[in-house]
Structures are given as structure tokens and as C-alpha cells.
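Engineer: I'd like to ask some things about the structure below.
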Amino acid sequence: MLFIALSAAVFFTMFPFFWLVISSIKPNVEIFAIRELPLWETFIPEHPTLEHYISAFIPKGGLKGAVAFPRYVVNSVVISFTSSLLVIALVIPGGYALARYKFRGKRFVSILVIVFQMLPAVLLVLPYYVIMRVLNLLDTWYALIIVDTTFAIPFCIWLMRGFFNEVPRELEEAAMVDGCSELKAFLTIAIPLTIYGIIAAFIYAFVWSWNDYLFAFILTSTMKSKTVQVGLSELLVWYGEMEWGLLLSQSVMATIPISVLFASVQRYLVSGLTAGALKG
Amino acid sequence: MIRSKVLRAYVYILPALGFLVAFGAYPLLYGIYLSFYSLSPMVSLEPQFVGLANFREMFAREEFYRYLSNSVIVVIGVNALNFGLGLGTALIANEDFRGKSIVRGLMIIPWITPVVVVGVIWRFIYDPSWGVLNKILFAMHLVSREVYWLGEPELVWFSVIIAKSWMLFPFFYICYLAALQVIPQELYDASKIDGAGSIDRFRYITFQWLKFPIVITLLLNTVWAWNHFAAVWLLTGGGPGDRTVILPIEVYKQSFLNWRFGYAASIGTFMLVCMIIFTIIYLRMTFKEE
Numbered sequence: 505m506l507f508i509a510l511s512a513a514v515f516f517t518m519f520p521f522f523w524l525v526i527s528s529i530k531p532n533v534e535i536f537a538i539r540e541l542p543l544w545e546t547f548i549p550e551h552p553t554l555e556h557y558i559s560a561f562i563p564k565g566g567l568k569g570a571v572a573f574p575r576y577v578v579n580s581v582v583i584s585f586t587s588s589l590l591v592i593a594l595v596i597p598g599g600y601a602l603a604r605y606k607f608r609g610k611r612f613v614s615i616l617v618i619v620f621q622m623l624p625a626v627l628l629v630l631p632y633y634v635i636m637r638v639l640n641l642l643d644t645w646y647a648l649i650i651v652d653t654t655f656a657i658p659f660c661i662w663l664m665r666g667f668f669n670e671v672p673r674e675l676e677e678a679a680m681v682d683g684c685s686e687l688k689a690f691l692t693i694a695i696p697l698t699i700y701g702i703i704a705a706f707i708y709a710f711v712w713s714w715n716d717y718l719f720a721f722i723l724t725s726t727m728k729s730k731t732v733q734v735g736l737s738e739l740l741v742w743y744g745e746m747e748w749g750l751l752l753s754q755s756v757m758a759t760i761p762i763s764v765l766f767a768s769v770q771r772y773l774v775s776g777l778t779a780g781a782l783k784g
Numbered sequence: 004m005i006r007s008k009v010l011r012a013y014v015y016i017l018p019a020l021g022f023l024v025a026f027g028a029y030p031l032l033y034g035i036y037l038s039f040y041s042l043s044p045m046v047s048l049e050p051q052f053v054g055l056a057n058f059r060e061m062f063a064r065e066e067f068y069r070y071l072s073n074s075v076i077v078v079i080g081v082n083a084l085n086f087g088l089g090l091g092t093a094l095i096a097n098e099d100f101r102g103k104s105i106v107r108g109l110m111i112i113p114w115i116t117p118v119v120v121v122g123v124i125w126r127f128i129y130d131p132s133w134g135v136l137n138k139i140l141f142a143m144h145l146v147s148r149e150v151y152w153l154g155e156p157e158l159v160w161f162s163v164i165i166a167k168s169w170m171l172f173p174f175f176y177i178c179y180l181a182a183l184q185v186i187p188q189e190l191y192d193a194s195k196i197d198g199a200g201s202i203d204r205f206r207y208i209t210f211q212w213l214k215f216p217i218v219i220t221l222l223l224n225t226v227w228a229w230n231h232f233a234a235v236w237l238l239t240g241g242g243p244g245d246r247t248v249i250l251p252i253e254v255y256k257q258s259f260l261n262w263r264f265g266y267a268a269s270i271g272t273f274m275l276v277c278m279i280i281f282t283i284i285y286l287r288m289t290f291k292e293e
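Chains U and W supply the protein sequences, listed in that same order.
Per my numbering, the very first residue in the first sequence carries number 505; after that it's consecutive.
Per my numbering, the very first residue in the second sequence carries number 4; after that it's consecutive.
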């Protein structure tokens, strides 16, 4: 009984992915001949091919999505990496302050974190557009770096606060007794002990930025800064026949790297998240 | 060297806080401010004050109420399905069996896939001609013509809610699983000695421990489903026609298709106010008994 329910759950979860990956290695003839093939043959490609993956990088006689893809990847990588770096630079001291010091407004920051999760992103898009237009940052990496950093800070500060809470104060105090300044204790003792938290925060910010669609969509307009997500969405057209092969392969390429990254730190992120849900 | 502890705390938190205020709080306030103005960036960047005109227009439009009810449909549908799926899978995953950790790891994947990829996957599955769903139904002789999962008004909500739930249920799953794992085994053992059946055990032990996570997850998911733009947009574009336009999509259309930022902002502000009111009422109701 348990086995059936479990299999059903796993099947429901994994099948769409499985289907995505399998289909992405089918040649176009097989993708578009799905109606004619007998059922079991649709799940096993007869002639598996990497042509869709290759054509994402090497244009095949004027395919629309092909040339742009590498550039989109570069954009996404730069934006996500930079914003993640910025995030950890900001939340390491921020989380430390929240964990170690009592000060007015500490509660305020905790509430801010929660409030931030509730904001309608669509409401914020308009001001961002206007601000970026005024600053002449539309269609640049900077616009998305700024926005992505902003949205990752609340959760990451929360995460770092949790990690700093785990570092015993006595260690820093012992160092200070030996003549170390508070700042030095912070840098050489506290931070290294939270390295897992820092990595987790970095990866969270990276994945969040990589996956973002709304802001990337609104704040970019040309190949100069469009991200992988936006590029993908452009292939999802409403008219005519879509380049399914290309879409599928690019989707796989957009997902696998971050899935791997996320999986490696999920333990820490999950405990950070659920600590919030369980203890409120 | 900074002597005062409090001062040091402020200095440490200032960069992060400053960033949030500058790029988070300020835009938010500006957005709310905009709802009382009329702004068409194509024409000029100078907003014109119009008072409550945007809101009056919003409540006067007949479509607005349809979009509002669409948003409500999404929230209720996604919450229900996610709750069921999340709880079910958490209960299952809580049991001991071989390959437990692998299964747990796998279940998270839909949650971290980019929305766009979720859109691609489900558009591909639902595609009338090339989709695997129709293929399977054809092969099993359950349908005789192509089913337009995302095109037929009667089916589209069903399809959208399933796709969105697929994307989101892992969040519920993780929270419930974490909660389930904290429940001390002794409680179950003691109750068995007292002769409690499995339904009683669930009701008096499991469910009590789950109450708080359930309240929180439902709240977070409600807010999230209410505000989320990308999933529905990528799956249906608001269509067929404007059948699946939810409030966030309407905000997008008004701002970037009609270039009426002020009016769009007022819809956004309305969304925010609704969520604030909902949260207050919801939390009051659920914590009244405590």
C-alpha cells in the first residue's frame, strides 16, 4: 500500500523531468511523429541525438534561438554570480549583528524579512522600471544585479543569523581576552565557523537570481542583458510551430547546473527554512 | 575603533539594511504612491496626480471582478492541491524504507526548477499535437480527438492548477516532513499502549504537531499564489482570451502593454492591501484558540 502511494508520488514528481530529458535527445522526426508511434516507443528514443544541444550553440542556418543562447548564459552567469557575491558581502555582517547584538530595530528587521516575502513583485516592477530608466540602467547587468540582491537579502540574513547563533560567543570572547579586537574576532573566528551558511546563502541567492523571470523579463530588452530564462521564454511562442527541440535542450541546460548546486546545500537551506516555519 | 556595541551593530547591519531600504522599501512606497497618479512612461516620466481615479476605474470595470475571482480560484486550487499532495507525500516519506534519502532529495526538484522550465515542460506535456498527455489518452482510447488542455475554457484552470501545484508542493512537503520528524516516538508508543487506533493517533498526535506548520504553509502559499505572475503567464498568457488573467497578469498588461503605470500600480496596491488584510484576519482566527 505504501509502496503504491510512494511510487505514485515519485512518478508524479519525476515524470515531467524524465519526459523533458528524454524528449530533448530525440531528433525532430521523433518529437513530431509522436502520434504515429506506438505508446512504448515514445519513451525510448530510437535514434538518440545531441543535435538540439549542439544547435543551441552553433546556429543551423538561421535558427532564431541559436546564436543568442551562449550570450544569455553569459548574462545569467554574470548577473547571478555578482549578485550572490554582493548578497553575502551584505548579509555576513548583517546576520552577525542580528545574532550578537541587542539593538533597537532588531525586531524590525525580522519583520522586514517576513514582510518582504509577501510583497507583490508586480507592484515593485513598475518602480524598478522607472528607477532604472532614470538611472539609465535598463537593459544592463546592473539593473538585475541590484534587484536580485535586494530580493535575496531577507532570507539570507535570516540564514546567516541562524548560523552565527550557533557559534559560541565564548570563542570570540576568549580571543578578545588574548588581546584580539572585536573586529578581528569576527573576521577570523566567527566567519570561518559559518562557512557552510555562507555557501548556502550564496547558492540560494544564485539559484534565486538564475531562476528569476519577472524582473529579467521586464528590465531587459536586448541580447546585451537578457538572461537564459528570458531567452527560453521567447521560444515559447503562441503562434506557429515552436522549436521544441531547441526549447527542450535549453531547458535542460538551464536546469541541471542549478539543481546540482542546490542539491548540494539543500540540507542547510531546508533547516533554515523550516526553522522559520516550525518556530515561527 | 568602534567602542560602543550598539554603534557597532548598526554599522554591521547598515549595508544590508541600507540596500533593502533603498532598493526595497523605497520602490515599494513609490509603487503605492504611483497608484494615486497617472504615469505613461512612453509619453513622459512625470506622474500626474489623479487621486482616487485609478481605484474608481478599477472597481468600475467589469473584467476586474473576473480577474479577481480568477486570482481567488488559483489561490484556493493551488492551496488545496498542495496541501493534499504535500501532506500525503510527507506522511509517506516519513516512514522507514530503503532509498529514503534519495526519494526525499528527488521530491524537491520541482520546486527549484526555474518557472520558465516548468512552463516549457507543462506546455510540452499539454500540447494538443505533440504532448505526451494526449498521446497516452489516445493510446488508451480514452479520447477521440485532440484535447486542448490549455485552450479549452473548461479545462484550462484544471491544467494550470496541476502544473503550479507540481511546481510548489515540495515546499509543503519539506515543511511537513521536518515537522513530522520532530514528533517524539514515545508519544506514539504510549498511545499504542493506551489502545489508540491509527486514526486516533493521527488526530491527537500527528495533527496537533502539524497544526502550526499547516497554518504557516497555507499562509505563505496563499500570498505566493496571489502574487505570482510567471507561472500562469508562461502557461497560458492569460488565455484563452482573457479567461485565465489573474491580477498580476493584469498589472503586467496595463503597465507594459498599455503603458498605464499609475492604473497598474493601483491594482498592485489593491493586491497588497488584500494580502495584508487577509493575513491579519487569518492569523487572528488561527491563533484565537491558543
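Beta carbons: idealized from backbone N, C-alpha and C, even for Gly.
Indicate whether at least one CB of chain W lies closer than 8 Å to the CB of proline 531(U).
Structural biologist: With 8 Å as the cut-off, proline 531(U) does not count as an interface residue toward chain W.
Engineer: My guess is that serine 74(W) and isoleucine 249(W) are in contact by the Cβ rule of under 8 Å, so how many angstroms apart are they, rounded?
Structural biologist: 4 Å between Cβ atoms; contact.
Engineer: List, in chain order, every chain U residue whose beta-carbon is nearer than 7 Å to that of alanine 267(W).
Structural biologist: Within chain U, the residues near alanine 267(W) are Leu630.
Engineer: If I measure Cβ to Cβ from alanine 233(W) and keep anything under 8 Å in the same chain, skipping five residues before and after, which residues do I get?
Structural biologist: Counting only Cβ-Cβ distances below 8 Å, and skipping sequence neighbours, we find Val118, Val119, Gly122.
Engineer: In the DSSP assignment, find the unbroken alpha helix (DSSP H) run with histidine 551(U) in it and report its ends.
Structural biologist: That residue, histidine 551(U), is in no alpha helix (DSSP H); it is neither H nor E in DSSP.
Engineer: Compare the beta carbon distance of leucine 740(U) and leucine 752(U) with 8 Å and say whether it is the shorter of the two.
Structural biologist: No; because the gap between Cβ atoms is not below 8 Å, this pair is not in contact.
Engineer: Cα-Cα, which of Tyr266(W), Leu17(W), Tyr179(W) is closest to glutamine 35(W)?
Structural biologist: Checking the displayed sequence, the identity of residue 35(W) turns out to be isoleucine instead of glutamine. Checked all of Tyr266(W), Leu17(W), Tyr179(W); the closest Cα to isoleucine 35(W) is Tyr266(W).
Engineer: Per the DSSP calculation, glutamine 51(W) is bridged to which residue(s)?
Structural biologist: Paired residues: Ser41(W).
Engineer: Taking the beta carbon of alanine 512(U) as the centre, do at least 16 other beta carbons fall within 10 Å, making it buried, or is it exposed?
Structural biologist: It is exposed - the Cβ of alanine 512(U) has fewer than 16 other Cβ atoms within 10 Å.
Engineer: Alpha carbons only, please: which of Pro173(W), Ile76(W), Ile165(W) is nearest the one belonging to isoleucine 111(W)?
Structural biologist: Checked all of Pro173(W), Ile76(W), Ile165(W); the closest Cα to isoleucine 111(W) is Pro173(W).
Engineer: Using 8 Å for Cβ pairs, my map puts phenylalanine 175(W) next to threonine 220(W). What's the rounded Cβ distance?
Structural biologist: Yes, phenylalanine 175(W) and threonine 220(W) are in contact; Cβ-Cβ is about 5 Å, under 8 Å.
Engineer: Our contact map puts valine 711(U) next to phenylalanine 655(U) with C-beta atoms below 8 Å; I'd like the distance itself, whole angstroms only.
Structural biologist: With a Cβ gap of about 12 Å, valine 711(U) and phenylalanine 655(U) do not count as contacting.
Engineer: Please classify lysine 688(U): does DSSP put it in a helix, a strand, or coil?
Structural biologist: Note: lysine 688(U) maps to helix in three-state DSSP.
Engineer: Using a Cβ-Cβ cutoff of 7 Å, what residues of the stretch 582–600 of chain U are near chain W? List them in chain order.
Structural biologist: The stretch 582–600 of chain U vs chain W, Cβ under 7 Å: Leu594, Val595, Pro597, Gly598, Tyr600.
Engineer: What's the call for histidine 144(W), buried or exposed, on a 16-neighbour Cβ count within 10 Å?
Structural biologist: Answer is exposed; the Cβ neighbour count stays below 16.
Engineer: What is the DSSP secondary structure of leucine 145(W), reduced to helix, strand or coil?
Structural biologist: Residue state, collapsed to three classes: coil.
Engineer: With 8 Å set as the bound, which would you pick, yes or no: does the beta-carbon of phenylalanine 719(U) sit closer than that to a beta-carbon of chain W?
Structural biologist: With 8 Å as the cut-off, phenylalanine 719(U) does not count as an interface residue toward chain W.
Engineer: Does the stretch 692–700 of chain U come into contact with the stretch 666–681 of chain U, if we say contact requires no fewer than three beta-carbon pairs (one atom in each stretch) closer than 8 Å?
Structural biologist: Yes, since at least three Cβ pairs between the stretch 692–700 of chain U and the stretch 666–681 of chain U fall closer than 8 Å, the two stretches touch.
Engineer: Can you give the beta carbon distance from serine 527(U) to phenylalanine 127(W), rounded, assuming they're within the 8 Å contact cut?
Structural biologist: Confirmed, Cβ separation roughly 7 Å.
Engineer: Just to confirm before moving on: does the CB-CB distance between proline 542(U) and isoleucine 529(U) stay below 8 Å?
Structural biologist: No, Cβ-Cβ distance for proline 542(U) and isoleucine 529(U) is not below 8 Å.
Engineer: Using a Cβ-Cβ cut-off of 8 Å, state whether alanine 509(U) counts as contacting chain W.
Structural biologist: Yes, because at least one Cβ of chain W sits closer than 8 Å to the Cβ of alanine 509(U).
Engineer: Isoleucine 760(U) by DSSP, collapsed to three states: which one?
Structural biologist: Note: isoleucine 760(U) maps to helix in three-state DSSP.
Engineer: Just mark glutamine 257(W) as buried or exposed, buried being the case when its beta carbon has 16 or more other beta carbons within 10 Å.
Structural biologist: Per the 10 Å Cβ criterion, buried.
Engineer: Run down chain C in chain order and give the residues with a C-beta less than 9 Å from the C-beta of serine 258(W).
Structural biologist: In the structure shown, chain C cannot be found, because the protein chains are U and W.
Engineer: If we call anything under 8 Å between Cβ atoms a contact, is tryptophan 262(W) one with methionine 45(W)?
Structural biologist: Taking 8 Å as the Cβ cut-off, tryptophan 262(W) and methionine 45(W) qualify as a contacting pair.
Engineer: Please report the Cβ distance between isoleucine 3(W) and isoleucine 762(U), rounded to the nearest whole angstrom; I am assuming they are in contact, meaning their Cβ atoms lie under 8 Å.
Structural biologist: Lying outside 4 to 293, the shown extent of chain W, residue 3(W) is not represented and no answer is given.
Engineer: Rounding to the nearest angstrom, what Cα-Cα distance links valine 764(U) and phenylalanine 67(W) in this structure?
Structural biologist: Answer to the nearest angstrom: the Cα atoms are 42 Å apart.
Engineer: Would you call the CB atoms of proline 658(U) and leucine 616(U) closer than 8 Å?
Structural biologist: Going by C-beta atoms, proline 658(U) is nearer than 8 Å to leucine 616(U).
Engineer: Helix, strand or coil: how does DSSP classify alanine 228(W) here?
Structural biologist: Residue state, collapsed to three classes: helix.
Engineer: For asparagine 640(U), name the three-state secondary structure that DSSP assigns.
Structural biologist: If DSSP states are grouped into helix, strand and coil, asparagine 640(U) belongs with coil.
Engineer: Closest to phenylalanine 719(U) by CA distance: which of Ser584(U), Ala694(U), Ile702(U) is it?
Structural biologist: The shortest C-alpha separation from phenylalanine 719(U) is found at Ser584(U).
Engineer: So which residues of chain U does lysine 138(W) contact, with C-beta pairs closer than 9 Å?
Structural biologist: Under the 9 Å cutoff, chain U gives Ile538, Arg539, Leu541, Leu543, Thr546.
Engineer: When you compare each of Tyr717(U), Ile707(U), Phe515(U), His556(U) to valine 106(W) by their alpha carbons, which one comes out closest?
Structural biologist: Considering only alpha carbons, the answer is Phe515(U).
Engineer: Quick check: alanine 705(U) and methionine 664(U), are their CB atoms within less than 8 Å of each other?
Structural biologist: Yes, the pair counts as a contact, with Cβ atoms nearer than the cut-off.
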